[in-house]
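Chains U and W, in that order, are what the protein sequence lines are. The first sequence stops at residue 87 when you use this note's numbering, and every number in between is there. The second sequence stops at residue 1528 when you use this note's numbering, and every number in between is there.
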Amino acid sequence: MQLSQKHVEYWNKNLRITAILLFIWFLVTFVVGFYAKALSFNFFGWPFAFWMGAQGALVVYVIIIWYYARYMNNLDKEYDVHEGEE
Amino acid sequence: MAGGPAPSGTGGMFSAGSQKAFNSQLKKVYTWYTGGFLVFVVVLAILEQMGLPRNWIGYVFLLATVLLYAGIGVMSRTSDAAEYYVAGRRVPALFNGMATGADWMSAASFIGMAGTLYLTGYGGLAFIMGWTGGYCLVALFLAPYLRKFGQFTIPDFLGARFGGNIPRFVGIVAAILCSFTYVVAQIYGVGLITTRLTGVAFEIGIFLGLGGILVCSFLGGMRAVTWTQVAQYIILIVAYLIPVVWLSIKHTGVPVPQLVYGKVLEKVTAREQQLIDDPKEKEVRAIFKARADAANANLANPKAYDEGKAKLVAAVEAAKAENAPEKVATAEAALKAWPADAAAATAQWTKDKGLAARAAPPLRHAEAFPGKDEKASDVSRRNFLALIFCLMVGTAALPHILMRYYTTPSVKEARDSVFWSLFFIFLLYFTAPALAVLAKYEVYNLLVGTEFAKLPQWVASWARVDPALLSVVDVNKDGILQLAEMSIGGDIVVLATPEIGGLPYVISGLVAAGGLAAALSTADGLLLTIANALSHDLYYKMLDPNAPTARRVMISKILLLVVALAAAYVAAQKPADILFLVSAAFSFAAAAFFPALVCGIFWKRANKWGATLGMIAGLGITFYYMVTTQVWMREALLGIPRSAPVQLWWDIQPISAGLWGVPLGFLVIIVVSLLTPAPDRETQELVEHVRYPNLAGDTMKTLGT
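Pasting the structure below:
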């Protein structure tokens, strides 16, 4: 079967949001981790890098997944590729 | 407890009314269940005040929870394939999230995590980030697409996408390799906790726990496992949070430890500096250093045993000649303490050599990448990041986790379900760093500096349970406990928190029951994965495609029993390095599955040979690196003695061997796929099929029944 223009657009939008969220994931994990020594300023009592590793990054991960689910579920409806209502 | 959480049904599609009704019924059942569980704990607490003996509390907890899991198993028994393999595909996102949480969090997370953080400070955060951030990869790259594909196992996807039995077979081997190493560690944990809780022998503990695992997964497969895991999640999270919240109220007055422990961390950091500079602490560390140095000198000298003995004998003679009875007694005691023969002496000195570790000043908890110089710190950073990478990619490739996303009713629910999974896991992981810091504060301030005679009672009782968990010796004989005089095992941090915080014993029982729930639920999911890989993928798909459903399910049940017994047998041998085995499973899974699955979904050009060779190459190099760099594996498999030097690549520790396997896997898949013909039209349509939740004009049906 042939994909329509709309279908291709849907997939490209999916790839774009995936790339953006992956970039944020990379930033809070590896970039903050790499510069942990330099990022040790006081943050409400914690050294910032420690707080990011123990709490901050986790919150960001949860938000990434929540946002992706919301975005894609809306995109499904917009491009009419959603499943029947249960 | 509350009624059957799994009403009878045949699986498959459900009309709008029934899924909604099912969902609200589940919520009702588990709300009652949670309430019932809390009442149960309160009743036990009252009984304790009235004088119920401690080991009875242990028995009641063990029996009640295992019976509960067995009851859910019996009520969810089934021999329908879709029910047995994927719980009828109607587990709502929220409940699948809880089940995944329990499936995911093993004994290592529940008991070991806070302890690792206590012992390693910032370095331990690699586990916190690695074991949560991996879910981003699950959500973005795998879960929704696998759900759309909708069969039963991960090798199913490899077989369908890459055409043929070879990729499927490699998938089976990899799934069994990583799940089996992991399940052995879980059963070991079950044995340990059962022993603690009731005092039975370790081997009996293993088989008692095994009964609890089997009655559940054996009767009802994924359906029973799912509903049991939801129940187990509730127990384990309640058990984890209660003691930490209590400690937090005690030290900060705020019941949300995750938000306020920064202030406690500041105090711990200040106290660390005091302990590093304290002259008494320095004195103890110097004693350990002297002992380690002496042991090293003795080990280097082949005649050390005889020379040392001769010296002691001479001292006794000299004392006798002097006619001083006190000196004679001391000299004779010293002679008596000298090892009986040369072999015993070598063993003793090798052990003493390890005291060098205790001669080091305490680690600064919040400092990132400590190291004696720039280079050491750099290597530490590199390994920290490499470990995070392996744990994350491994998380997104462990078959028993990915399998859970086949059980949701739709692609939309699969996406929501990853969110709920991480949310429920997050509740525990977000708390563990706070627990580690609170426990450290308690130990550094309230324990260190106390007179030995006035130490709290729990110190002595845990030292009796297992000296590896906690031991205190007055090394410099000043009658006061220095930090350096205390050696502590990571597991004690969670297990003893209730006692450290001065909570009633019933909470200790609750914590043990929570640890048991964590280990049992993970073992359930893993055993099911292995049995399904063998019965569904190997037997049904490869050997006898005409096998009737009932026989497939029956074979899976028999295999489950066999695998469980095999794993219990291995666990009863108490294998050397449990933590390493668990982490090895992550590197294997990462290297074997992640590149093939992601390329299979995101790159239409990826083909059979690319995927097959990519999986083999990734797994192969990971295994090779581990075997050549992990000294005990090298000794066991290659016969090279442990003392031989180890050639590390780029200073990466063997635990992160997946760092080489994952990129190589991707590289091989891409290169080989481009060198061989593109996959056929039908396979390309399959890729399109999984990419869209609902594609107009798409006639492909992949849903397994």
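Positions of the beta carbon are idealized from the N, C-alpha and C atoms, including for glycine.
Legend entry - Chain-order list of residues whose beta-carbon lies under 7 Å from that of Pro1486 (chain W) (same chain, five-residue window excluded): There are no such residues.
Inset, instruction - Assign Phe45 (chain U) to one of two classes, buried (16 or more other C-beta atoms within 10 Å of its C-beta) or exposed (fewer than that). - result: exposed
Legend entry - Three CB pairs or more closer than 8 Å across the stretch 1088-1100 of chain W and the stretch 1261-1269 of chain W: Here the stretch 1088-1100 of chain W lies against the stretch 1261-1269 of chain W, with 3 or more beta-carbon pairs under 8 Å apart.
Inset, instruction - Assign Leu1110 (chain W) to one of three DSSP states: helix, strand, or coil. - result: Reading off the sequence, residue 1110 (chain W) comes out as Ile, not Leu. Reduced to three states, the DSSP call for Ile1110 (chain W) is helix.
Inset, instruction - Can you give me, in chain order, the residues of the stretch 63-74 of chain U that have a beta carbon less than 8 Å from any beta carbon in chain W? - result: Cβ contacts with chain W come from Val63, Ile65, Ile66, Trp67, Tyr69, Ala70, Met73 and Asn74.
Inset, instruction - Measure the alpha-carbon distance for Ile1439 (chain W) versus Val1393 (chain W) and round it to whole angstroms. - result: Going from the Cα of Ile1439 (chain W) to the Cα of Val1393 (chain W) covers about 26 Å.
Inset, instruction - Would you kindly work out how many angstroms separate the C-alpha atoms of Leu1361 (chain W) and Arg1375 (chain W), rounded to a whole number? - result: Leu1361 (chain W) and Arg1375 (chain W): Cα-Cα distance of roughly 11 Å.
Legend entry - Phe1246 (chain W): contacting residues in chain U (beta-carbon distance under 7 Å): Chain-ordered, the chain U residues with CB closer than 7 Å to the CB of Phe1246 (chain W) read Val63.
Inset, instruction - Enumerate in chain order the residues of its own chain whose CB-to-CB distance from Phe1529 (chain W) is below 8 Å, with the five nearest sequence positions on each side excluded. - result: This structure leaves residue 1529 (chain W) out entirely; chain W is present only between 824 and 1528.
Legend entry - In chain order, each beta strand (DSSP E) run of at least 3 residues that lies wholly inside the stretch 882-936 of chain W: none
Inset, instruction - Please classify Leu1098 (chain W): does DSSP put it in a helix, a strand, or coil? - result: The answer is helix: DSSP assigns Leu1098 (chain W) an H, G or I state.
Inset, instruction - For the alpha helix (DSSP H) containing Ile1463 (chain W), list its first residue and its last residue. - result: No alpha helix (DSSP H) contains Ile1463 (chain W), which DSSP labels as neither H nor E.
Legend entry - Given Leu1382 (chain W) as reference, the closest of W:Glu1508, W:Thr1320 and W:Ile1353 once Cα atoms are compared: W:Ile1353
Inset, instruction - Keeping to the same chain, check which residues put their C-beta closer than 8 Å to that of Asn1299 (chain W); ignore five residues upstream and five downstream. - result: Lys1103, Glu1106, Val1107, Ile1110, Gln1305 and Glu1308
Legend entry - Met53 (chain U) in three-state terms, based on DSSP: helix
Inset, instruction - Go ahead and label Ile869 (chain W) buried or exposed: buried means 16 or more other beta carbons lie within 10 angstroms of its beta carbon, across all protein chains shown. - result: By the neighbour-count definition (other C-beta atoms within 10 Å, threshold 16), Ile869 (chain W) is an exposed residue.
Legend entry - chain U contacts made by the stretch 1204-1219 of chain W, where a contact means CB separation under 9 Å: Of all residues in the stretch 1204-1219 of chain W, Arg1204, Phe1207, Leu1208, Ile1211, Phe1212 and Met1215 have a Cβ within less than 9 Å of some Cβ in chain U.
Legend entry - Beta-carbon spacing of Tyr853 (chain W), Ala1054 (chain W) below 9 Å: In this structure, Ala1054 (chain W) lies closer than 9 Å to Tyr853 (chain W) by Cβ.
Legend entry - Three-state secondary structure (DSSP) of Asn878 (chain W): helix
Inset, instruction - Mind checking which residues open and close the beta strand (DSSP E) that includes Leu1037 (chain W)? - result: Element bounds for Leu1037 (chain W): not the beta strand (DSSP E) but the alpha helix (DSSP H), Phe1025 to Thr1075.
Inset, instruction - Evaluate Val865 (chain W) with the Cβ neighbour count: other Cβ atoms within 10 Å of its Cβ, from every protein chain shown; 16 or more gives buried, anything less gives exposed. - result: exposed
Inset, instruction - Note the first and the last residue of the continuous beta strand (DSSP E) segment covering Ser1294 (chain W). - result: Leu1293 to Val1295
Inset, instruction - Determine, using beta-carbon pairs with one atom in the stretch 1060-1067 of chain W and one in the stretch 1243-1251 of chain W, whether at least three such pairs fall under 8 Å. - result: yes
Inset, instruction - Using three-state DSSP, classify Pro978 (chain W) as helix, strand or coil. - result: helix
Inset, instruction - Would you kindly work out how many angstroms separate the C-alpha atoms of Ile1224 (chain W) and Trp1455 (chain W), rounded to a whole number? - result: Separation of Ile1224 (chain W) and Trp1455 (chain W) (C-alpha to C-alpha, rounded to the nearest whole angstrom) is 29 Å.
Legend entry - Proximity test, Cβ basis, 9 Å: Phe1489 (chain W) and chain U: It does not; no Cβ of chain U falls within 9 Å.
Legend entry - Option nearest Tyr36 (chain U) by Cα separation, candidates W:Val1038, W:Gly1325 and W:Ser1203: The option with the nearest alpha carbon to Tyr36 (chain U) is W:Ser1203.
Legend entry - Contact check, Leu948 (chain W) vs Ala39 (chain U), beta carbons under 9 Å: Against a cut-off of 9 Å, the Cβ pair of Ala39 (chain U) and Leu948 (chain W) comes out as no contact.
Inset, instruction - Check Ile65 (chain U) in the structure and name its three-state DSSP category. - result: The three-state reading of DSSP puts Ile65 (chain U) in helix, counting H, G and I together.
Inset, instruction - Identify whether Met824 (chain W) lies in helix, strand or coil by the three-state DSSP scheme. - result: Reliability fails at Met824 (chain W), whose pLDDT of 36 lies under 50, so the model's placement of it is uncertain and the value that follows must be treated cautiously. Coil.
Inset, instruction - Run the CB neighbour count on Leu28 (chain U), radius 10 Å, all protein chains shown included, and call it buried at 16 or more, exposed below. - result: Per the 10 Å Cβ criterion, exposed.
Legend entry - the stretch 1491-1516 of chain W: positions lying closer than 7 Å to chain U by Cβ: Glu1508, Glu1511, Arg1514, Tyr1515 and Pro1516
Legend entry - Chain-order list of residues whose beta-carbon lies under 6 Å from that of Gly944 (chain W) (same chain, five-residue window excluded): When the five nearest sequence neighbours on each side are left out, the beta carbons in the same chain lying within less than 6 Å of the beta carbon of Gly944 (chain W) are those of Leu1186 and His1188, in order along the chain.
Inset, instruction - Scan the stretch 1238-1269 of chain W for residues whose Cβ lies nearer than 7 Å to a Cβ of chain U and list them as they occur along the chain. - result: Arg1238, Asp1239, Val1241, Phe1242, Leu1245, Phe1246, Phe1249, Tyr1252, Phe1253 and Pro1256
Inset, instruction - Please work out which residues of its chain come closer than 7 Å, Cβ to Cβ, to Ile880 (chain W), disregarding the five sequence neighbours upstream and downstream, and give them in chain order. - result: Leu867, Glu871, Tyr1328, Val1329 and Gly1332
Inset, instruction - Starting from the Cα of Ala1412 (chain W), find the closest Cα among W:Val909, W:Cys1001 and W:Met898 and give me that residue. - result: Of W:Val909, W:Cys1001 and W:Met898, the residue nearest in Cα terms is W:Cys1001.
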